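**Student:** Below are the structure tokens for one structure; questions will follow.
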Amino acid sequence: MKIVKAVENYLDFLENIKRYSINTLKSYRCDLNEFTQFCTENNKNGIERINERTIKNFLMHLSELKIEKSSITRKLSAVRGLFKYAFKEEWIAFNPSSLIRNPKTSKKLPEITSVENILKIYELAKEAEDQPILVIAIFELLYGCSLRVSELCDLKLSDLNVRERTLRILGKGNKVRVVPIGAKSLEIIKAYLSYNPTEDISSPLITLKNGKKLYPKYVYRIVNKYLGKVTDIKKKSPHILRHSSATHMLDRGADLRAVKEILGHENLRTTQIYTHVSIERLKEAYKKSHPKS
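So the sequence shown is numbered by our numbering: it starts at 31 and just counts up by one.
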């Protein structure tokens with residue numbers, strides 16, 4: 031079978047059977063198209079002709095392009111999935127990716143910002159924006175409810191339960207979770223809805239000034255703009271607010287499993303990185319303030 035055909039069949043499987051999200055499918059398609067192009071350029075058009083050496087050469091090629099190891103690991107994961115599926119479907123007699131290990135990476139702790147900085151942003155937005163409540167609502171949902179950008183953009187009015195103080199979130203892999211809304215967050219959401227009222231429960235919870243649905247690039251632009259005013263951390267993406275939310279919850283004694291459910295992580299190990307962030311913060315505070323540090 032042609033590698034191109036195998037990739038399309040695999041992506042159809044992920045979309046229609048596994049029900050992967052649009053963003054995840056885009057990522058898989060991009061990574062597998064890159065692999066397909068490499069194989070084609072090296073005269074490995076059929077999936078049965080690709081062996082372990084081909085995959086290792088692909089990883090070396092990525093390394094020579096100075097691709098980050100975390101990105102290489104992600105691309106390898108997509109390739110592994112393809113060959114696992116191909117083996118299951120009996121397109122190949124042996125899975126050439128089964129013995130290939132991930133490249134060694136140094137674990138980077140996620141950057142975070144402080145609650146004080148977020149409150150500063152609210153004040154700055156009031157001074158600079160003609161609709162400050164829109165900016166404040168975006169930050170409050172990303173931070174207060176620990177949302178991903180795609181989750182924020184996909185929120186509908188029907189996902190909000192004011193009486194129960196919860197939000198219904200459609201997360202990665204189309205998995206649904208329900209997260210609590212704090213009193214302050216709910217107050218901000220109510221203020222936004224009173225400023226921008228709608229009775230259509232199927233309409234987006236948060237919209238642009240023109241009434242259209244939020245989109246990721248807009249959220250990135252707003253978050254980057256305002257984080258840049260209050261902090262000098264290197265990355266100023268919306269995910270910083272999610273990292274910050276998780277870290278602050280653990281700083282204040284939240285149960286790790288509860289934080290895992292709020293974030294929508296599939297594996298507890300993914301959530302555990304935030305415990306390391308909290309420990310590093312404790313060490314930093316100790317060094318700054320303890321007389322015997």
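Note that the Cβ used here is the ideal one computed from N, Cα and C, for glycine as well. None of these values were measured; they are calculated from a predicted model.
Which of the three DSSP states, helix, strand or coil, is assigned to residue 76?
**Tutor:** Residue 76 falls in the strand class under three-state DSSP.
**Student:** Report the residue ranges of all alpha helix (DSSP H) runs contained in full by the region 57-138; include only those spanning at least 4 residues, in chain order.
**Tutor:** DSSP runs (the alpha helix (DSSP H)) wholly in the region 57-138: 82-94 and 99-118.
**Student:** Runs of 4 residues minimum, wholly inside the region 153-203: which ones carry the alpha helix (DSSP H) assignment?
**Tutor:** For the region 153-203, whole alpha helix (DSSP H) runs of length 4 or above, ordered along the chain, are 162-174 and 179-184.
**Student:** Is the number of C-beta pairs between the region 152-169 and the region 225-245 that are closer than 8 Å three or more?
**Tutor:** The region 152-169, when compared against the region 225-245, does touch it at the 8 Å Cβ threshold.
**Student:** What would DSSP say about residue 237, mapped onto helix, strand or coil?
**Tutor:** Looking at residue 237 - three-state DSSP - the assignment turns out to be strand.
**Student:** So residue 141 and residue 306 are supposed to be a Cβ contact under 8 Å. How far apart are they, rounded?
**Tutor:** Not confirmed; about 13 Å, so no contact.
**Student:** Checking 8 Å against the spacing of the C-beta atoms, do residue 204 and residue 51 come in under that value?
**Tutor:** A contact, by the Cβ cut-off of 8 Å.
**Student:** Please tell me whether residue 176 has its Cβ less than 8 Å away from any Cβ of chain D.
**Tutor:** Structure shown: chain D not included; a single protein chain is present.
**Student:** Could you tell me the alpha carbon to alpha carbon distance between residue 268 and residue 209, rounded to whole angstroms?
**Tutor:** Roughly 18 Å separates the two Cα atoms.
**Student:** Grouping DSSP H, G and I as helix and E and B as strand, with all else coil, what is residue 210?
**Tutor:** Of the three classes helix, strand and coil, the one that applies to residue 210 here is strand, per DSSP.
**Student:** By how many angstroms is the C-alpha of residue 151 removed from the C-alpha of residue 257?
**Tutor:** Their Cα atoms are separated by approximately 7 Å.
**Student:** Confirm, please, whether the CB-CB distance from residue 245 to residue 163 is below 8 Å.
**Tutor:** Not in contact: residue 163 and residue 245 (Cβ atoms no closer than 8 Å).
**Student:** Counting C-beta neighbours from all protein chains within 10 Å, is the total for residue 101 16 or more, i.e. buried, or is it exposed?
**Tutor:** The residue is exposed, with fewer than 16 neighbouring Cβ atoms inside 10 Å.
**Student:** Does the region 210-229 come within contact of the region 120-128, defined as at least 3 CB pairs closer than 8 Å?
**Tutor:** The region 210-229, when compared against the region 120-128, does not touch it at the 8 Å Cβ threshold.
**Student:** Going by beta carbon distance, what residues of the same chain come within less than 8 Å of residue 57, once the five residues before and after it are set aside?
**Tutor:** So the qualifying residues of the chain are 104 and 108.
**Student:** Could you check how far apart the C-beta atoms of residue 212 and residue 174 are, in whole angstroms? I think they sit under 8 Å.
**Tutor:** About 6 Å; that satisfies the 8 Å criterion.
**Student:** With 16 other CB atoms within 10 Å as the buried threshold, where does residue 61 fall?
**Tutor:** The residue in question, residue 61, is buried, as its Cβ has 16 or more Cβ neighbours within 10 Å.
**Student:** Does residue 32 come out as helix, strand or coil in the three-state DSSP assignment?
**Tutor:** Strand.
**Student:** Hey, would you say residue 47 sits closer than 8 Å to residue 77, going by beta carbons?
**Tutor:** No, the Cβ-Cβ distance between residue 47 and residue 77 is not below 8 Å.
**Student:** Apart from the five residues on each side of it in sequence, which residues of its chain come closer than 7 Å, Cβ to Cβ, to residue 188?
**Tutor:** Excluding positions up to five away in sequence, the list reads 231 and 232.
**Student:** Using the three-state DSSP reduction, which class does residue 323 fall into: helix, strand or coil?
**Tutor:** Residue placement at residue 323 is poorly supported in this model, since its pLDDT is 47, which falls under 50; the coordinates are not used for a value here.
**Student:** Quick check on the DSSP output: the alpha helix (DSSP H) that includes residue 232 runs from which residue to which?
**Tutor:** Premise fails: residue 232 is in no alpha helix (DSSP H) and is neither H nor E.
**Student:** Can you tell me whether residue 192 is buried or exposed, with buried defined as 16 or more other CB within 10 angstroms of its CB?
**Tutor:** Residue 192 comes out exposed.
**Student:** Kindly indicate which three-state DSSP category residue 266 falls into: helix, strand or coil?
**Tutor:** Three-state DSSP puts residue 266 in coil, outside helix and strand.
**Student:** Please name the residue or residues paired with residue 243 in a DSSP beta bridge.
**Tutor:** For residue 243, which the question treats as bridged, DSSP gives the partners 237.
**Student:** Closest by CA to residue 214, which one among 155, 149 and 185?
**Tutor:** When only C-alpha atoms are compared, the closest one is 149.
**Student:** By how many angstroms is the C-alpha of residue 111 removed from the C-alpha of residue 40?
**Tutor:** Near 8 Å, if we compare the C-alpha coordinates of residue 111 and residue 40.
**Student:** DSSP three-state label for residue 285, please.
**Tutor:** Coil at residue 285, not helix or strand.
**Student:** Taking only the alpha-carbon atoms, compute the straight-line gap between residue 308 and residue 94 and give it to the nearest angstrom.
**Tutor:** If I take the Cα positions, the gap works out to 35 Å.
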